[in-house]
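Start counting the sequence shown at 1; every next residue gets the next number (the working numbering). Let me begin by presenting the structure, written as structure tokens, before commenting on it.
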Amino acid sequence: MLNIILVALIVITFVWYFYFKTKQFRTPLPIRKKWFGAKASVCLGAFLLFFGINFIIIYQSSVTYIVAGLFILLGGYFTYHNVKVAKHYGQFVEEELSINQ
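This is the structure in structure tokens:
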């Protein structure tokens, strides 16, 4: 049951990553571009985190623990750091939109 939930979360975060990456490439505004890039990186970090957890559940060996541990650490770092970046740029998105209209 937990495996099915993790696979669903992996797929959802992967789809959101491509959604935000596409939005990043399509927008002409620089702050909004950075904001969408940070949101995409949050989704990529969550993808790595969930993938690492799922990897530990499915395969249980010492090599798996090392590789999955790296995925979990990197995913946690990407998610944590880019949530802060997205909050920072999110403050300026409305201001940039009103200036450029």
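Ideal Cβ positions, reconstructed from N, Cα and C, are used throughout, including at glycine. Treat the numbers as computed from the prediction; the structure is a model and nothing was measured.
Which listed residue (the options) has its alpha carbon closest to that of residue i
i	options	result
ASN82	GLN60, PHE50, SER98 and PHE36	PHE36
LEU2	GLN101, ALA38, ILE31 and ILE58	ILE58
ALA86	GLN24, SER62 and VAL63	GLN24
PHE92	VAL11, LEU9, PHE20 and LYS33	LYS33
LYS39	SER61, GLN101 and PHE78	PHE78
LYS84	PRO28, LEU29, VAL42 and ILE10	VAL42
ILE4	GLN101, PHE55 and VAL63	PHE55
Inter-residue spacing [alpha-carbon to alpha-carbon] between residue i and residue j
i	j	result
PHE14	LEU97	28 Å
LEU6	GLY76	15 Å
ILE31	ILE53	33 Å
ILE12	PHE51	12 Å
GLY26	GLY90	Note that residue 26 is Arg in the sequence shown here, rather than Gly. One C-alpha to the other measures close to 18 Å.
ILE99	SER61	55 Å
GLU95	LEU9	33 Å
ALA68	HIS88	30 Å
LEU29	TYR65	42 Å
Where residue i falls: helix, strand or coil (DSSP)
i	result
ASN100	coil
LEU29	coil
TYR108	With the chain covering 1 to 101 only, the question about residue 108 has no answer from this structure.
**Report entry** Cβ pair count under 8 Å reaching 3, the stretch 43-61 against the stretch 14-23
**Finding:** yes
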